[in-house]
Amino acid sequence: MHLVIIGNGITGVSCALTVRRLRPEARITLVSSESAHHYSRTALMYVYMGHLRPQDIKPYEDWFWKENHLELVHATATALNTSKKLIALANGTTLAYDQLLLATGSESKRHGWPGQDLAGVQGLYHLPDLEAMTRDTHGISRGVVVGGGLIGVELAEMLHSRGIEPTVLVRDAHYWASVLPPEEANLVDRQFEENRVPVRYRTELREILGDAQGRVRAVVTTAGEEIPCQWVGLAIGVSPNLTLAKTSEIDTDRGILVDEYLRTNVPNVYAAGDCAQHRQPAAGEVAIEQLWYTGRMQGEAVAHTICGQPTPYRRGVWFNSAKFFNLEYQTYGQAPASPIAGLESFYWEHPSGRAALRVYFRAEAPHAVVGFNALGLRLRHDVCEHWIRQQAPVATVMSHLGAANFDPEFFPQHEKAMVTAFNQQFPQQPVALKQRKGLFSLIKK
Amino acid sequence: MSPTLNAPPLPATSPAEKLTLAVVAGGLLALLLALADADPGRQQTWFYLALGLISGGTLAWSWLKFGKHPAGMQHNNLWWRASTGRGAVAWVTGLVLTGFYVVLYWYSGDDGHGHFGPLNNLVHALDGFSQWLRARPADQWFLYGTFYTLAVLLMGTRALWKYRHSRYQLIRTASVMFFQLGFAFLIPGLLLFFQQPEFYFTYFWPLKYDYLFPGTVNSLVQNGGLGVFMVFWGGVMSLLATPVLTYFYGKRWYCSWVCGCGGLAETAGDPYRHLADKSRAAWRWEVRIIYPILVIILVITGLLWVHFATGSTLLGEAGNVAAKWYGFAIGAVFSGVIGVGFYPIMGSRVWCRFGCPMAAYLGLLQKHFSRFRISTNGGQCISCGNCSNVCEMGIDVKQYAQRGEPIIRASCVGCGMCSTACPRGVLNLENGPREGRYQGSQLIHADSLRIL
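Taken in order, these protein sequences are the chains called C and B.
Under this note's numbering, the first residue of the first sequence carries the number 1, and numbering increases by one thereafter.
Under this note's numbering, the first residue of the second sequence carries the number 1001, and numbering increases by one thereafter.
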């Protein structure tokens, strides 16, 4: 079997590694226009900030590919002929495949703003973006970041690291309003404040103004404010990269349409990761998932199907994480931004405003826990997942909170304060802390 | 992948920071004047002025640089700076350090008339302090110990400010500062003051290889009660306490909490920790070098005891000659000149990683007979590489984290920096039951491909 994978991001590489494990004899070729070797997209910001060098964000050393017989082709795939099972590459050669995985990732979204094609206006998704940002922010003093999501805060932090003053435009009344409840968003806002990054809430971009050389010189917001700047980062999300898929008869909508096995409408052609759109997403799940973790899981699932072990993609208990300047964030399970019927939540916040925990649970007895938000705290993934899967009652979870504590040794333990706060907020379900972290948990058992 | 990323202009250094750096530079200049001045009185003035300026400048700079910013990882522009990114400043620093060690080890011995070579003025400037602490004049090793301890304290304070968001790092840094000042500087000095053998209670065989040599044991025992205790202490720490403590806590109880070499690496070496080579090739060199050194010192110690037990007849001088060569090649060249001199180029743990027989011994215990491991948190790793970057022992931590596997490596000194630097809360140093110690997360399908 010759498996060709278009895209060497986390999805394509996860698939390649899984196929290698399941089928040691398979021929596997990874094609990428972006880079000779797989790198961690999520780490681009650290290269810009000088924490890491470009070679440090490769998850595997260069020998790894050869020793595991994974062929790498650094070229753009320009056309796909599914009847002949051939891929044309920009370097003039063609590749024949038995099985094909499209893991072509995303492109940064643009909104059609006036001035969005000026020099110094860009998104941050791939290596060329990092190069452009390095070039266009060289020696400048002010930048504007559009978007109140994960990439928005990353871009602000990146500019900040070089002494460039960013201004962040956020459409909603608080940061990442589609995901974070106001209390959590408030802690993120404190990070912006502490790092002296001005944020304009309820403000969108209206227009980008250029100078005589075609470079950005300012933006105008929907509030009518003109903010002078020499660079604009657009962080309003990404959309599937369909360039190659559209050269064939593969069905596409916003993304490449796939069934639960990540199969496209064409036999032996699969799609996974950012570029795939599920025809029938499961209840509560979205059709297009654009995350590192889901990319990895989809890559693993599709590898099984490719190897003759049809495996539907199941996301399992949701999880995600991020870091906003110095504030870490983890979430597990169902953690809606605004109240929904049938769910209650318990919220605790440390007086310092640097740590918070929210536990979501069902309003009806036995109040099964459905999700967590943690800020400035580290929670044990497997414990949270176990509680959510087992539908553990909130009283059980609260009394054993120590089991989920993944903070380093000697860190202050907040379980006692959390339980006290819980008993104040939900006096009808009194809870006593039974399990603390580490040695205490042994003593108390 | 070779993106063209030109070095950016670094953010302007504030005038206050520049001033503190100028004070440090002034201190270094005063040190040169102390070396050059012929007048003993002025030598001393220059010397203490130098220490004052360097100390004050370093503390003030650290506070401005780290203490004034919001608490958190502060690694901006680390690889871009000439001082920490193997630039010109780093090479000059490395040359100066290497040169200092060469002069110290081979050109600064007492010539019999109380003259200590090129460092003579600095040694004698410390005579007063040495008399007060040790009731004897200073020598080149007292000068070295003073510099070493000062470096650990000053740069330790810098580390306290830099890592103040992590209690693990605060306590651990305070610990190495405490053991260096107390057990590697003041107590040995006080022992001399009371006419006792100079003994370091925090250095053990096989790092302090001669502590279990028959010659050392004999001379200590002849010294009476305290000497017998020292022999007992050395033996118990090397052969009993080390395995027991390593069983419960991993090798970190020593390497990154107590040891003086580790103390310098964790404080003065902190700006260079990311320079340790993470490649598989470097790991192969590590294994090829460190274990043979452990074997060599075991053999030499054995030879010396055989030599002693057989009344010096069986093997002649072989053991003594070998011990002398070991002292030169490993004790001086490797641990000193290369170990510290190469900080700015190869990172702060070159000696600990490639050379230290104690680290090899602790490492074998940690790998095979310990409850210690670094746990990874389910499927949360994003392969960003920050953990590998800060690993001073050159472990490619992310290789484990991205597969959801616990990190159990002989070389890990448990500094905890991978956990501190991880932006997603994935890594945690834990001591736990040995059953299931290697158990990976069920939330990632490990790819089972080799990584070393």
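We treat Cβ as the ideally placed atom computed from N, Cα and C, and that holds for glycine.
Within-8 Å CB hit, residue 163/C to chain B: Looking up residue 163/C in the first sequence gives position 163. Cβ-Cβ to chain B under 8 Å: yes for residue 163/C.
Can you confirm whether residue 292/C, when its beta carbon is compared against all beta carbons of chain B, has any partner nearer than 8 Å? Residue 292/C sits at position 292 when you count from the first residue of the first sequence. Look at residue 292/C: its C-beta is under 8 Å from a C-beta on chain B.
With 16 as the cutoff for other CB atoms within 10 Å, does residue 1240/B come out buried or exposed? Position 240 of the second sequence, counted from the start, is the residue given in the question as residue 1240/B. Residue 1240/B comes out exposed.
Determine whether the Cβ of residue 7/C lies closer than 8 Å to any Cβ atom of chain B. For the purposes of this step, residue 7/C is identified with residue 7 of the first sequence, where counting begins at 1. No, because no Cβ of chain B sits closer than 8 Å to the Cβ of residue 7/C.
Can you give the Cα-Cα distance for residue 148/C and residue 111/C, rounded to whole angstroms? As a position in the first sequence, residue 148/C is number 148, starting the count at 1. As a position in the first sequence, residue 111/C is number 111, starting the count at 1. Rounded to whole angstroms, residue 148/C to residue 111/C spans 15 Å at the Cα level.
Within 8 Å (strictly less), CB to CB, does residue 1378/B reach chain C? The sequence position of residue 1378/B within the second sequence is 378, counting from 1. At least one chain C Cβ lies under 8 Å of residue 1378/B.
Helix, strand or coil for residue 1281/B per DSSP? Counting from 1 along the second sequence, the entry for residue 1281/B is found at position 281. Correct three-state label for residue 1281/B: helix.
Under the three-state DSSP convention, the category residue 25/C falls into: One-based indexing of the first sequence puts residue 25/C at position 25. Assigned with DSSP and collapsed to three states, residue 25/C falls in coil, not helix or strand.
Quick one: what's got a C-beta closer than 8 Å to residue 1421/B's C-beta in the same chain, skipping five residues either side? On the second sequence, residue 1421/B is found 421 positions in, with the first residue counted as 1. Hits under 8 Å: 1073, 1075, 1386, 1387, 1389 and 1390.
Quick check on the burial criterion: 16 or more other C-beta atoms within 10 angstroms. Buried or exposed for residue 37/C? Counting from 1 along the first sequence, the entry for residue 37/C is found at position 37. Buried: at least 16 other Cβ atoms inside 10 Å.
Run through DSSP, which three-state label would residue 360/C get? Walking along the first sequence from the start, residue 360/C turns up at place 360. Three-state DSSP puts residue 360/C in a strand.
Going along the chain, which residues of its own chain have a beta-carbon closer than 7 Å to the beta-carbon of residue 193/C, five neighbours each way excluded? As a working mapping, residue 193/C is identified with position 193 in the first sequence. So the list is empty, once near-sequence residues are dropped.
So, under 8 Å CB-CB, residue 1131/B and residue 1104/B are touching, yes? Tell me the CB distance rounded to an integer number of Å. Within the second sequence, numbered from 1, the residue matching residue 1131/B stands at position 131. Within the second sequence, numbered from 1, the residue matching residue 1104/B stands at position 104. 22 Å between Cβ atoms; not a contact.
List the residues of chain B that residue 46/C touches, going by C-beta distances under 7 Å, in chain order. For the purposes of this step, residue 46/C is taken as the residue at position 46 of the first sequence. Within 7 Å Cβ-Cβ: 1384 and 1386.
If you measure beta-carbon to beta-carbon, which residues of the segment 53 to 69 of chain C are closer than 9 Å to chain B? 53, 54, 55, 56, 57, 58, 59, 60, 61, 63, 64, 67 and 68
Using a Cβ-Cβ cutoff of less than 6 Å, which residues in the same chain neighbour residue 441/C once the five nearest sequence positions on both sides are dropped? Residue numbering aside, residue 441/C sits at position 441 when the first sequence is read from its first letter. Residue placement at residue 441/C is flagged as unreliable, the pLDDT there being 48, under the threshold of 50; a coordinate-derived value is accordingly withheld.
Report yes if the CB atom of residue 1362/B is closer than 8 Å to the CB atom of residue 1246/B, and no otherwise. By 1-based counting over the second sequence, the position of residue 1362/B is 362. By 1-based counting over the second sequence, the position of residue 1246/B is 246. Yes, the Cβ-Cβ distance between residue 1362/B and residue 1246/B is below 8 Å.
Excluding sequence positions up to five away, which residues of its chain have a Cβ less than 7 Å from the Cβ of residue 1144/B? Residue numbering aside, residue 1144/B sits at position 144 when the second sequence is read from its first letter. Within the same chain, residue 1144/B has close Cβ partners 1104.
Looking only at its own chain, which residues have a Cβ that is under 8 Å from the Cβ of residue 1014/B, when we skip the five neighbours before and after it? Stepping through the second sequence from its first residue, residue 1014/B is reached at position 14. So the list reads 1064, once near-sequence residues are dropped.
On the DSSP bridge assignment, give the partners of residue 106/C in chain order. Position 106 of the first sequence, counted from the first residue, corresponds to residue 106/C. Answer by DSSP bridge pairing, in chain order: 240/C.
Cβ-based neighbour list, residue 1037/B, same chain, cut-off 8 Å, excluding 5 preceding and 5 following: The residue given as residue 1037/B occupies position 37 in the second sequence. Excluding sequence neighbours, residue 1037/B sits near 1043, 1046 and 1121.
Pair every Cβ in the segment 1352 to 1361 of chain B with every Cβ in the segment 1292 to 1308 of chain B, then say whether three or more of these pairs are closer than 8 Å. Yes: the two stretches touch, three or more of their Cβ pairs being nearer than 8 Å.
Who are the Cβ neighbours of residue 455/C in its own chain at under 7 Å, not counting the five residues just before and after it? Absent from the structure is residue 455/C, since the part of chain C shown begins at 1 and ends at 445.
Compare the C-beta of residue 109/C against all C-beta atoms of chain B and say whether one is closer than 8 Å. Start at 1 with the first residue of the first sequence, and residue 109/C comes out as number 109. Taking Cβ atoms only, chain B never reaches closer than 8 Å to residue 109/C, which makes this a no.
So, is the C-beta of residue 239/C closer than 8 Å to a C-beta in chain B? Counted from its first residue, the first sequence places residue 239/C at position 239. No, its Cβ sits nowhere closer than 8 Å to a Cβ of chain B.
Of all the CB atoms in chain C, is at least one closer than 8 Å to the CB of residue 1080/B? Your numbering for residue 1080/B matches position 80 in the second sequence. Closer than 8 Å to some Cβ of chain C, the Cβ of residue 1080/B qualifies, so yes.
Any beta carbon from chain C within less than 8 Å of residue 1167/B's own beta carbon? Here residue 1167/B refers to the residue found at position 167 of the second sequence. Yes, because at least one Cβ of chain C sits closer than 8 Å to the Cβ of residue 1167/B.
Apply the 10 Å Cβ neighbour rule to residue 226/C and answer buried if 16 or more other Cβ atoms are within range, or exposed otherwise. Taking the first residue of the first sequence as 1, we reach residue 226/C at position 226. So residue 226/C ends up on the exposed side.
Which residue's Cα is closest to the Cα of residue 1369/B: 1280/B, 1317/B, 1338/B and 1243/B? Along the second sequence, read from residue 1 onward, the residue named residue 1369/B stands at position 369. Among 1280/B, 1317/B, 1338/B and 1243/B, the Cα nearest to that of residue 1369/B is on 1243/B.
Where residue 174/C falls: helix, strand or coil (DSSP): Within the first sequence, numbered from 1, the residue matching residue 174/C stands at position 174. Three-state result, residue 174/C: coil.
Is the beta carbon of residue 1346/B within less than 7 Å of some heavy atom of the ligand GDP? The model depicted lacks the ligand GDP and carries no ligand whatsoever.
Name the residue from 1218/B, 1142/B and 1234/B whose alpha carbon lies nearest to the alpha carbon of residue 1189/B. Counting from one through the second sequence, the residue named residue 1189/B turns up at place 189. Out of 1218/B, 1142/B and 1234/B, 1142/B has the C-alpha closest to the C-alpha of residue 1189/B.
Per-residue burial, residue 285/C [other beta carbons within 10 Å of its own, 16 or more giving buried]: Locating residue 285/C in the first sequence gives position 285, where the first residue counts as 1. Flag for residue 285/C reads exposed.
According to the Cβ coordinates, are residue 233/C and residue 146/C closer than 8 Å? As a first step, residue 233/C must be located in the first sequence, where it is residue number 233. As a first step, residue 146/C must be located in the first sequence, where it is residue number 146. Yes, they are a contact pair.
For residue 292/C, count neighbouring Cβ atoms within 10 angstroms of its own Cβ and tell me buried if that reaches 16, exposed if not. As a position in the first sequence, residue 292/C is number 292, starting the count at 1. By the 10 Å Cβ count, residue 292/C comes out buried.
Assuming residue 228/C is part of the beta strand (DSSP E), what are its boundary residues? Numbered from 1 along the first sequence, position 228 holds the residue referred to as residue 228/C. It spans 226 to 228 - the beta strand (DSSP E) in which residue 228/C sits, taken as one unbroken run.
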